[in-house]
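Visitor:
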Amino acid sequence: MDAEVKREPKLEPGLDESEKPPVWEDAYARHFSLVLSTILFKREDFRELLSSSERAIASRFLTELKPFEQQLYARLFQRQGPWFKTTSLFRYFRQAEDVKQELSGQTELREQLPVNEQVQDVIHVMIEAGFLQEFPVSAAVSPKIMKTIASKTERPLSPGTQMKQEMIRLETALDAIERCSTAPELAALYKKMTGSKKHVAKTDLMVVIRKVVKTQKRIDGSRIPVAQLMQHIWLENYPLTGRKSSDVMALRMTPETKDLLLRMHRLFYFVSTPPFNATSLMPPQLEDTGRLIELATHKLRQEPIQWPGLMVFFKKVAYPEYALTIGSSGDSTSTEMLNSHRVFPSSEVYVSYEVAYQLHRIMSVVEQCMQIVTPEKGYQEPDLDLKWMISDSTPAFLAFQRLLLILHEDGESTETEDEETSIAKTEDKADWQLRSWEQFYGEVEKMQSLDDLVLACRGCLQAYLKWMTAAAYSTSGIPAFFSKCNAGYHLVRSLHTAVGLYEKMRKYQISTLLLNELLAAPFLERKRGYWWDRLALNLEHLKCSDQARDTCVNALEDPHVLAADRTALQRRLNRLDRQKDRGETISMESLSTADLLLQSTGNSMIAPSVEDNTNADEGNAGTHTSYEYRRNHIIGRPLNRQTGEKSRFVGYDDEPCTVEQLVLQYCRGHEGSGDKLKTGGWYGVHSEGVVFGNLFGVLMWDVLYASLPNVFQTPFQSAPLDFGYADIFYETRRDLIERRLAQVKDEWTVEELLTTFVTRWNSEFGKVTRFVHWPTDALASLQFHLLAIAAVGRAQLASLLRYMATSKEFHQAQNGLPDLLLLRFELTGPEDDLVSLSPRWPIDSNGFLNIYAFCGMDEELNMNEKVSSTAVLKEEGSDETIRETKLEIQPLLHVLDLLRDTSCAQLKVVEVKGPRDRLSDKQLLWLEVLSGEVGLDASVMHVEEPEKHVKRKKKEAVSATATSAPRKRQTKRRKA
1 MDAEVKREPK LEPGLDESEK PPVWEDAYAR HFSLVLSTIL FKREDFRELL SSSERAIASR
61 FLTELKPFEQ QLYARLFQRQ GPWFKTTSLF RYFRQAEDVK QELSGQTELR EQLPVNEQVQ
121 DVIHVMIEAG FLQEFPVSAA VSPKIMKTIA SKTERPLSPG TQMKQEMIRL ETALDAIERC
181 STAPELAALY KKMTGSKKHV AKTDLMVVIR KVVKTQKRID GSRIPVAQLM QHIWLENYPL
241 TGRKSSDVMA LRMTPETKDL LLRMHRLFYF VSTPPFNATS LMPPQLEDTG RLIELATHKL
301 RQEPIQWPGL MVFFKKVAYP EYALTIGSSG DSTSTEMLNS HRVFPSSEVY VSYEVAYQLH
361 RIMSVVEQCM QIVTPEKGYQ EPDLDLKWMI SDSTPAFLAF QRLLLILHED GESTETEDEE
421 TSIAKTEDKA DWQLRSWEQF YGEVEKMQSL DDLVLACRGC LQAYLKWMTA AAYSTSGIPA
481 FFSKCNAGYH LVRSLHTAVG LYEKMRKYQI STLLLNELLA APFLERKRGY WWDRLALNLE
541 HLKCSDQARD TCVNALEDPH VLAADRTALQ RRLNRLDRQK DRGETISMES LSTADLLLQS
601 TGNSMIAPSV EDNTNADEGN AGTHTSYEYR RNHIIGRPLN RQTGEKSRFV GYDDEPCTVE
661 QLVLQYCRGH EGSGDKLKTG GWYGVHSEGV VFGNLFGVLM WDVLYASLPN VFQTPFQSAP
721 LDFGYADIFY ETRRDLIERR LAQVKDEWTV EELLTTFVTR WNSEFGKVTR FVHWPTDALA
781 SLQFHLLAIA AVGRAQLASL LRYMATSKEF HQAQNGLPDL LLLRFELTGP EDDLVSLSPR
841 WPIDSNGFLN IYAFCGMDEE LNMNEKVSST AVLKEEGSDE TIRETKLEIQ PLLHVLDLLR
901 DTSCAQLKVV EVKGPRDRLS DKQLLWLEVL SGEVGLDASV MHVEEPEKHV KRKKKEAVSA
961 TATSAPRKRQ TKRRKA
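Residue 1 is where the sequence shown starts when you use UniProt numbering, and the numbers rise one by one after that.
1. Could you tell me whether the Cβ atoms of Ser939 and Tyr629 are closer together than 8 Å?
2. Within its chain, find whatever has a CB closer than 8 Å to the CB of Tyr652; leave out the 5 residues flanking it on each side and keep chain order.
3. Would you say Met230 and Cys369 are within 8 Å of each other, going by their C-beta atoms?
4. State yes or no: is the C-beta of Trp307 nearer than 7 Å to some heavy atom of the ligand FMN?
5. Look at the alpha carbon of Asn815 and the alpha carbon of Pro775, and state the distance between them as a whole number of angstroms.
6. Since Gln133 is in the beta strand (DSSP E), which residue starts that stretch and which ends it?
7. Compute the beta-carbon to beta-carbon distance between Val317 and Val768, rounded to the nearest angstrom, for a pair I have assumed lies under 8 Å.
8. Would you kindly work out how many angstroms separate the C-alpha atoms of Leu109 and Leu240, rounded to a whole number?
9. Taking only the alpha-carbon atoms, compute the straight-line gap between Ala29 and Ser346 and give it to the nearest angstrom.
10. What span of residues does the alpha helix (DSSP H) with Cys485 cover, start to end?
11. Tell me which residue opens and which closes the alpha helix (DSSP H) that Asp762 is part of.
12. If you measure between the beta carbons of Gln796 and Gly935, is that distance less than 8 Å?
13. Per the contact definition of three or more C-beta pairs closer than 8 Å, is the segment 796-805 in contact with the segment 742-750?
14. Could you pull the start and end residues of the beta strand (DSSP E) that Gly935 belongs to?
15. What's the C-alpha gap between Val125 and Met389?
16. Along the beta strand (DSSP E) that carries Gln906, what are the first and last residues, could you check?
17. Please report the residue range of the beta strand (DSSP E) in which Asn632 lies.
18. Note down, in chain order, each residue of its chain lying with its Cβ closer than 6 Å to the Cβ of Val659, except the 5 sequence neighbours on either side.
19. Can you say whether Ala654 is buried or exposed, counting buried as having 16 or more other CB atoms within 10 angstroms of its CB?
20. Could you check where the alpha helix (DSSP H) with Tyr441 kicks off and where it finishes?
21. Can you name the start and end residues of the beta strand (DSSP E) that Val650 belongs to?
22. Taking only beta-carbon positions, decide if Thr273 is within less than 8 Å of chain D.
23. Tell me, to the nearest whole angstrom, how far the beta carbon of Ala555 is from that of Glu809; I am working on the premise that it is less than 8 Å.
24. When the Cα atoms are used, what is the spatial distance from Pro479 to Phe46?
25. Buried or exposed for Leu562, please, with buried defined as at least 16 other CB atoms from any protein chain shown within 10 angstroms of its CB.
26. So what does Cys657 bridge to, in DSSP terms?
27. According to the neighbour-count rule (16 or more other Cβ atoms, all chains shown, within 10 Å of its Cβ), is Tyr379 buried or exposed?
28. Look at the Cβ atom of Leu65, then the Cβ atom of Tyr92, and state whether they are nearer than 8 Å.
29. Assuming Cys485 contacts Val271 under a Cβ cut-off of 8 Å, what Cβ separation, rounded to an integer in Å, is found between them?
30. Can you tell me which of Ser687, Asp735, Ala790 puts its alpha carbon nearest to the alpha carbon of Ala706?
31. Assign Ala167 to one of two classes, buried (16 or more other C-beta atoms within 10 Å of its C-beta) or exposed (fewer than that).
32. Can you tell me whether Phe84 is helix, strand or coil according to DSSP?
33. Reducing DSSP to helix, strand and coil, say where Arg223 ends up.
34. Kindly indicate which residue of Arg252, Met505, Glu171, Tyr238 has the alpha-carbon position closest to the one of Val213.
35. Taking the straight line between their C-alpha atoms, what separation do you get for Arg55 and Arg75?
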C-alpha cells in the first residue's frame, strides 16, 4: 500500500444497523466514507487505477477531516453548485435537537443561528486542506500589484498572460455573484458601481453589471473591484455577530478535488443501477452547439446524483441480496484471481473509459437539446471536408495519447511524435492523471460545433481500436460481459447518437462514413442490424442503389444481426431487387433491335442477366419467409384521424377511449370468430409484456442472482452483468436453469408452483430489479399473476421461461411483446348450475368469472373514469360482501379455492393495431415465438374505421370470387 494512504478508519458501512453511528455523522457522511474506503482499502484493483496524488487527496478526507467537516463536505457534494453562500450552511451547524425544536416552533430564529467563529473556523480548515475555495475578493488587480507578483516569480509575466489571469479571476467572481446574490444585493452592487439605481429583473441586472465591469476602468487602469464591493454588501447583510472583513461570505468546492471524488463515486458504482429516473433540469433548446456543449459540461460537473447507496441509507430503496464475486486484497489467491479478470487492466484504460463516458453524457445532452434546422427539399449536400478524410489523426485527449504511447514503448518508437505525446512521455506517472482532466475540460471548451465533438470521439475510437489490436485486448481472457466497461463502448454510443443527428440534417455522407466505422468496431453488437439498415438507407439517399443492395447482402451474412433486424433487411433487399429488375426492363425496352442483336453476340450481357434474375428471385423467395399470424378486425368510431397521434375512439360505453381500451371492452362483451359469435368473458390488462416479464423475474429469481464469478461487482446492481449475453448466461447457469424448468414443467404441482411464486414475490417485493416491475396495487396484481400462471399451463410456462433465458433477442431488448394479456375462467357448479356459484364467486352476465372483481382491480376501460370493481358488482346485482370477505383471505388460498371450481382457464395475448398502424418486425417475431415455440394463443386485432372496413370487405369478396371461378370451370370440365 502506498505511503500516503493511511490506515483505514473505523467506518459505518450502513449495512449493519446494530451499532449506532458516531456523533455528527449522518447518512451523507457514511455513504461518502463507504465509497472512498472501499476503493482505497478493499478494492486493490480500483486503488491502483488512481495516481499517488489522487490517493493522497482521498486519504486526507478520511483521516485529516473531522467527522463534522466530512459531513459538511458530503452534504455540499449533493447540492447544485458550484458556489454556495455561507449563510446557506448555517443549518448544518445545528444539532438534531435544534431542528426538532424549530419544526415544533419552540425556538426563535436568533437562538438557532450558530456562532460565527465556529463557522469560519470550519470553513478555513477545509480551505487550507484543499477541499473548499473562498470567494475571490481580489478579483480585480491593479497594474502595480501585477508588477509586484511578476517580480517575485522567476520569469516575468507577459501582458497576454496577465490579461488572461485577470479575466479568469473576474469571470470566477462574476459567476459567484450571479449564483449567490439576491436581486436587492445586485441592485445595491450596481448602485455602488455606477451611483444610480436600476429596478429590473435579476437576470437583466446581472447582464448590465457584467457589461459595466468589462467595459469601464478606473483612473489607474484597473477594473472596478466588483468582488470587493460585493464582499462589503454581503458583510452588511451577514446575520451573525462578530463578523470580520476577512470572513468567507461565499465558497465553492475545489473543482479538481470535486471532479476526483465524483470519478471515485462513478468508479464505485460503475455497473450499478440508479434507483430512480431523476428528471433533471436540461439546458434549453439551442441551435448554437458550442454553447450547448458548454452547458452540458457544466450540468454534468455540478448536478447532484442520486447514488444508489445513499438511497439505501435513507431506506428509500432496497436491492436484491447476492454475494459479491470478487477477490479480496488480503488473500493472495483471491488477488491473483481478481487480477486475471480486472475490469480495467491499467490506469490508462480506466481514464480513457472515464473520458469516453463523459463524452457520451455530453452527446446525450446535445441530442436532447439541439435544435436542428432541417434543410429544404432541394438541398444539395456538399462534398466532405478534409477533416473527415483524415483517419489517422492524433487523439485530442491525453488519456488516449498515452494508450498510443504504450504501444510505442512496447514496440519500435516512432520517428516523429506529436508535441502533446512527447510531453506525456516525459511526465511522471504519478501526476499525469490529474493533468489529463485539466486538459480534457480545456479541449471540451474549445469545441464549437457538433463536428468538433464527433471528430474528437472518432479520433479517440480509432486510437482505442489500435490499442486493442496491438494489446490483444479482446482475446486476453476478460469476460465478454465487461464490454460495456471500456472506452470503445461509450465512444460507439456517442457516434451512434451522432448518426441520427446528421441524418436529420440530411448530411448522409457523414452518416455513411460514421456507420461504416461503427460496423468495423467490435462493440454494441445488438445495434449492428440497425446500422446495416441505416447504411443501406443512406446509400439510397445518395443514389447508390447497387451499394445499398450489397450492404443488405453483407448484413444478412453477419451472424450478429438479430432476427427482427434481419427481417427488415430482407424486406429492403427484396425492394431493391424489384427496383433493379424494373430498371433493367425499362432499359431493355428502350433499346433498338440493332442494339439487342449487338449485345446478343459475343459477350452478351442480356441473356445471363435474365438467368441470374430468375435464380435471384427463387433465392429471395426461399430466404424471405413471412409469418402468417392470425388476425381479427373490429369497427371503431374514431375521434381523431391524424397520422402520428395516438388513436382515440368512442367506446361501447359511448365514452372516449384508447384503441387498447376499445379492444378490452370488445373482448369482455363478445368475441367474433368467423361466422360464429362466441360469448365474451375475457378480462385483461394493457401490459405490453410486463406480466410475462414478471413471471420470468420472480420464478427465476434465485437463478438470476446466483453467486457466479465476476457478474456482481457492486452491492447495488439490478441485474447480473452477463444478462444480455444469452450464450454466456445460459452456459454458466445451465444446471440451475434446467433444474428450474423441470420443476415448473413436471415436478411441481400447480399448488407448489403458485406457492413458490407467492413466497418469492412477498420476500423480494419492491427491490430494485431489472426483471420485475413491481405494481402499486400489490394484492390485486399478485392475484392476477397467479391466475395467469394457472391459465397459461405449466408446459407453456416452461417454454416461455426457456425462451427468455436463452434467447439473444430477449436478452438484448424486451420490447415488442403484445399489448394485451387476456384471461377467461369458466366455472362449474353442481350440474353446471352457475346460480349456485354466484354467492361464492363474482360472475358476469356472460357466465364467466369477473376477474376484475375477483382480484379487486379497478377497471380502466375509458379515458374519463376508473370504475371500481365494487360498483360493477352492485350493477350486476351480486352480493357486495363477496368482495369484502374474499379479499381478506390470503391471495394464494383465494386462487387455489377458485381453481377447484374452474372447469376451463384460458389465456391469450393480443397485439392491437389502429387504422394507421402496422406491425413492427419485433412484434412479428414475438407473435411467431409465442404462437409457434411457446404454444400460446397469440393474434392481432385490427381496429378499422367504418369506411375502411367496407373497402376491405369488398376487396375480400372480389378476391374470393376470383379464386372460386377457376374451380367452377374445372368442375364443368370434369362433368363433360
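Glycine residues also receive a C-beta, built at the ideal position from the N, C-alpha and C atoms.
Guide: Reading off the structure:
1. Within the sequence shown, the letter at position 939 stands for residue 939. Within the sequence shown, the letter at position 629 stands for residue 629. Against a cut-off of 8 Å, the Cβ pair of Tyr629 and Ser939 comes out as a contact.
2. Here the question's residue 652 lines up with position 652 in the sequence shown. Here the set comprises Leu662, Gln665, Tyr666, Gly669.
3. In the sequence shown, counting from the first residue as 1, residue 230 sits at position 230. In the sequence shown, counting from the first residue as 1, residue 369 sits at position 369. No; because the gap between Cβ atoms is not below 8 Å, this pair is not in contact.
4. Ligands are entirely absent from the displayed structure, and the ligand FMN is therefore not among its contents.
5. For the purposes of this step, residue 815 is taken as residue 815 along the sequence shown, with counting starting at 1. For the purposes of this step, residue 775 is taken as residue 775 along the sequence shown, with counting starting at 1. Distance between the alpha carbons of Asn815 and Pro775: 19 Å.
6. By one-based count along the sequence shown, residue 133 stands at place 133. Looking at the DSSP string, the run of the beta strand (DSSP E) that includes Gln133 is 132-134.
7. Reading the sequence shown from its first residue, position 317 is the one you call residue 317. Reading the sequence shown from its first residue, position 768 is the one you call residue 768. Between Val768 and Val317 the Cβ distance is about 5 Å, and since that is below 8 Å, they are a contact.
8. In the sequence shown, residue 109 corresponds to position 109, counting from 1. In the sequence shown, residue 240 corresponds to position 240, counting from 1. Bear in mind that a pLDDT of 47 at Leu109, under 50, signals an unreliable position, so the number given afterwards is only what the model happens to contain. Approximately 11 Å between the Cα atoms of the pair.
9. Counting from 1 along the sequence shown, the entry for residue 29 is found at position 29. Counting from 1 along the sequence shown, the entry for residue 346 is found at position 346. The straight-line gap from Cα to Cα measures roughly 30 Å.
10. Indexing the sequence shown from 1 puts residue 485 at position 485. Note, Cys485: premise wrong, no alpha helix (DSSP H); not H, not E.
11. Counting from 1 along the sequence shown, the entry for residue 762 is found at position 762. The sequence shown places Asn at residue 762, not Asp. Start and end: 750-764.
12. Here residue 796 refers to the residue found at position 796 of the sequence shown. Here residue 935 refers to the residue found at position 935 of the sequence shown. In this structure, Gly935 lies closer than 8 Å to Gln796 by Cβ.
13. yes
14. Translated into the one-based positions of the sequence shown, residue 935 becomes position 935. Segment: none, Gly935 is in no beta strand (DSSP E) and carries neither H nor E.
15. Working through the sequence shown from its first residue, we reach residue 125 at position 125. Working through the sequence shown from its first residue, we reach residue 389 at position 389. Whole-angstrom Cα-Cα distance: 54 Å.
16. Translated into the one-based positions of the sequence shown, residue 906 becomes position 906. Per DSSP, Gln906 belongs to the beta strand (DSSP E) from 902-913.
17. As a first step, residue 632 must be located in the sequence shown, where it is residue number 632. 630-635 is the extent of the beta strand (DSSP E) around Asn632.
18. Residue numbering aside, residue 659 sits at position 659 when the sequence shown is read from its first letter. So the list reads Ser647, Val912, Gly914, Val943, once near-sequence residues are dropped.
19. Taking the first residue of the sequence shown as position 1, residue 654 is located at position 654. Note on residue identity: the sequence assigns Asp, not Ala, to residue 654. Asp654 should be labelled exposed.
20. Within the sequence shown, residue 441 is the residue found at index 441, counting from 1. Here the alpha helix (DSSP H) through Tyr441 covers 432-446.
21. Residue 650 sits at position 650 when you count from the first residue of the sequence shown. Its beta strand (DSSP E) spans residues 648-650.
22. Any reference to chain D falls outside this structure, which holds one protein chain only.
23. Within the sequence shown, residue 555 is the residue found at index 555, counting from 1. Within the sequence shown, residue 809 is the residue found at index 809, counting from 1. Actually they are not in contact, since the Cβ atoms of Ala555 and Glu809 sit about 16 Å apart, beyond 8 Å.
24. Counting from 1 along the sequence shown, the entry for residue 479 is found at position 479. Counting from 1 along the sequence shown, the entry for residue 46 is found at position 46. Their backbone Cα atoms lie some 18 Å apart in a straight line.
25. Here residue 562 is taken as the residue at index 562 of the sequence shown, counted from 1. By the 10 Å Cβ count, Leu562 comes out buried.
26. Translated into the one-based positions of the sequence shown, residue 657 becomes position 657. Bridge partners of Cys657: Phe649.
27. Residue numbering aside, residue 379 sits at position 379 when the sequence shown is read from its first letter. Burial call: exposed.
28. As a working note, residue 65 is residue 65 in the sequence shown. As a working note, residue 92 is residue 92 in the sequence shown. Against a cut-off of 8 Å, the Cβ pair of Tyr92 and Leu65 comes out as no contact.
29. If you number the sequence shown from 1, residue 485 lands on position 485. If you number the sequence shown from 1, residue 271 lands on position 271. So it is a contact: roughly 7 Å between Cβ atoms.
30. Your numbering for residue 706 matches position 706 in the sequence shown. Checked all of Ser687, Asp735, Ala790; the closest Cα to Ala706 is Asp735.
31. By one-based count along the sequence shown, residue 167 stands at place 167. Sequence check: residue 167 is Met here, not Ala. Burial call: exposed.
32. By one-based count along the sequence shown, residue 84 stands at place 84. Here Phe84 sits in strand by DSSP.
33. To locate residue 223, count along the sequence shown from 1; it is residue 223. Three-state result, Arg223: strand.
34. Position 213 of the sequence shown, counted from the start, is the residue given in the question as residue 213. Nearest option by C-alpha distance: Glu171.
35. For this step, residue 55 is matched to residue 55 along the sequence shown. For this step, residue 75 is matched to residue 75 along the sequence shown. Their backbone Cα atoms lie some 21 Å apart in a straight line.
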